[in-house]
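Visitor: Plus 3 on top of the position in the sequence shown (first one is 1) and you've got the numbering used here. Every residue, glycine too, gets a C-beta built ideally from N, C-alpha and C. Remember, it's a predicted structure, so these values are computed and weren't measured experimentally. The structure's right below; bear with me while I get my questions together.
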Amino acid sequence: MEVYKIHWVASDRVCSPKKSGGLGLCKLKFINTALLAKWGWRFKNESSLWCEVVEACHMSNRSWDFLPVRKSLNGVWSNIVKVLSRTVVSGMPLRRLFKGKVGNGNNIYFWIDPWLLNLPLMIVCPNLFRCDADKRCKVSDRLKVSEAGLMRVWKWKRATAVTDYGSEWEIINSLLNAAMLSEVEDSWVWIGIGKGDFSVSSIRKQLYLDMDCSNFSVFEWCKWIPKKCNIFGWRAEMGRIPTALALRHRNIPIADVSCVLCGSAEELMDHLFTGCIIASRLWQHISSWCKTQYIFAFSYKDLLEVRKFVGLSGRAREICYGIIIIGCWCIWKARNLLKFQSKKARLEEIIGEVKVLGFLWVKSRAKLSSLTWDNWCNFVIM
């Protein structure tokens with residue numbers, strides 16, 4: 004039997020980076036694109052048998068592309084080239100982020116491969132490309148090292164090519180002034196994020212550049228508490244936890260929407276964590292325990308910011324932030340136990356759970372292995 008559940012957070016938000024307000028999961032589309040791009044990268048950097056097979060199948064006299072593909076042949080390689088051509092990042096196709104680095108010039112095509120610019124020379128100077136007698140010439144075929152320097156060797160179909168296309172001739176000569184040959188082998192470089200070093204991770208980061216996260220509020224993740232607490236805090240900061248009113252808003256029939264902990268108001272998220280008598284007494288105890296000014300907030304977002312204004316600094320402020328998120332986590336657990344198991348919520352048990360969980364996590368995750376229980380209960384943070 005198929006079970007349908009509520010999607011509390013949009014997938015675009017979930018798949019956004021943490022620093023942009025998301026959860027940091029990667030879109031499957033981005034992973035697929037990155038893995039396919041890796042095969043395009045390997046094709047240009049390896050001299051394996053499979054590369055020779057691809058060239059034999061897809062290279063033709065009418066195929067002028069640094070990633071050859073024969074349109075009449077469908078298959079895996081055709082799909083790889085399509086993904087690299089159609090995926091646009093920062094206003095340019097993904098394939099434009101591959102660039103040849105010329106060494107001896109024996110492996111990079113002069114016209115077809117991008118090596119002087121992000122574009123192949125056949126696109127920059129199309130008329131001169133048409134006039135070349137050998138369109139698949141290598142860089143070493145057109146540039147020769149001599150005693151006088153780098154000599155340029157041309158093979159035109161007609162002698163008037165240079166005069167007929169004077170503007171393109173000037174462009175290509177100015178570009179070739181920066182060209183150099185050496186004794187090392189030709190290679191390929193990645194000019195996107197993490198310049199020079201290609202990786203699947205760098206492709207994924209590049210794809211994220213075009214995501215618009217300007218409307219997302221950014222949750223500050225606490226490093227010393229587990230991910231489950233951070234994710235709960237992240238959801239609560241957006242108002243995406245299943246309180247009674249939130250469920251009713253999503254057309255779930257809820258007969259009683261009053262707060263199960265105090266019954267004095269409707270179960271709104273802000274009430275549950277700031278206005279409820281249980282929450283108020285918990286923050287009063289935490290204020291006394293952490294030796295801070297009284298923690299008072301009107302909303303959950305205020306609660307996340309209150310650590311900055313209660314007289315704490317440095318590590319103590321960071322620890323207090325984690326304690327506040329743990330406190331909200333424990334309030335939510337107590338609420339669920341009361342609602343679904345009829346277990347009465349006791350303030351003493353909630354306070355005890357906050358202290359025990361906090362001690363366990365801060366000791367093992369905040370580089371405070373020497374912290375003792377007595378010091379923790381007195382909030383003596385070394």
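1. Measuring alpha carbon to alpha carbon, tell me which residue in V6, L26, A37 and R16 is nearest L210.
2. So, at 7 Å on beta carbons, what are the nonlocal neighbours of I174 in its own chain, with the 5 sequence-adjacent residues on each side left out?
3. With C-beta atoms as the reference, is F201 less than 8 Å away from W379?
4. Taking its Cβ as the centre, do 16 or more other Cβ atoms sit within 10 Å of L271, making it buried, or is it exposed?
5. Nearest-angstrom Cα distance between G78 and E240?
6. Would you kindly report the start and end of the unbroken beta strand (DSSP E) that includes W193?
7. Take the Cβ of E58 as the centre, count every other Cβ of all protein chains shown within 10 Å, and call the residue buried at 16 or more, exposed below.
8. Return the chain-ordered list of same chain residues with a C-beta closer than 7 Å to the C-beta of I2, the five sequence neighbours on each side being excluded.
9. Distance, Cα to Cα, N121 vs F101?
10. Would you mind working out which of K342, P123, E150 and N130 sits nearest V142, comparing C-alpha positions?
11. To the nearest angstrom, report how far apart S386 and W118 are at their CA atoms.
12. Start and end of the alpha helix (DSSP H) containing F235?
13. With which residues is M154 paired in a DSSP beta bridge?
14. Quick one: residues in its chain with C-beta nearer than 7 Å to the C-beta of G103, no 5 flanking neighbours on either side, listed in chain order?
15. Does E150 pass the burial test, meaning 16 or more other C-beta atoms within 10 Å, or should it be called exposed?
16. Please confirm if the region 260 to 280 is in contact with the region 232 to 250, defined as three or more CB-CB distances below 8 Å between the two stretches.
17. For my contact list, L350 and I298 are in at a C-beta cut-off of 8 Å; report their separation, rounded to the angstrom.
18. If you check the beta carbons only, do C134 and A164 fall under 8 Å apart?
19. Given a cut-off of 8 Å on the beta-carbon distance, is the pair I196 and S185 in contact?
20. Which whole-angstrom value is the C-beta distance of R155 and R139, which I expect to be below 8 Å?
21. Is it buried or exposed, I83, if we count other Cβ atoms within 10 angstroms and call 16 or more buried?
22. What residue range is occupied by the uninterrupted alpha helix (DSSP H) comprising F46?
23. Would you please state the rounded distance, in angstroms, between the beta carbons of W332 and F222? I believe it to be under 8 Å.
24. The beta strand (DSSP E) with G103 in it runs from where to where?
25. Determine the extent of the alpha helix (DSSP H) in which E321 is found, giving its start and end residues.
26. Pick out whichever of T246, Q287 and N233 has its Cα sitting closest to the Cα of N339.
27. In three-state DSSP terms, what is S261?
28. By Cβ distance, which residues of its chain are closer than 8 Å to Q296, with the 5 residues on each side in sequence left out?
29. Determine the extent of the alpha helix (DSSP H) in which R65 is found, giving its start and end residues.
Guide: According to the structure shown:
1. A37
2. V127 and C128
3. no
4. buried
5. 46 Å
6. S190 to W193
7. exposed
8. Nothing about residue 2 can be read from this structure; the chain reaches only from 4 to 385.
9. 8 Å
10. P123
11. Look at the range of the chain in this structure, 4 to 385, and you will see that residue 386 is not part of it.
12. K230 to M241
13. K147
14. I111, D116, P117, W118, D189 and W191
15. exposed
16. yes
17. Their Cβ separation, rounded to whole angstroms, is 15 Å, which puts L350 and I298 out of contact at 8 Å.
18. yes
19. no
20. R155 to R139, Cβ: 18 Å. No contact.
21. buried
22. L31 to N48
23. About 14 Å separates the two Cβ atoms, so there is no contact after all.
24. F101 to K104
25. G317 to Q344
26. T246
27. strand
28. S290, F312, V313 and G314
29. Note, R65: premise wrong, no alpha helix (DSSP H); not H, not E.
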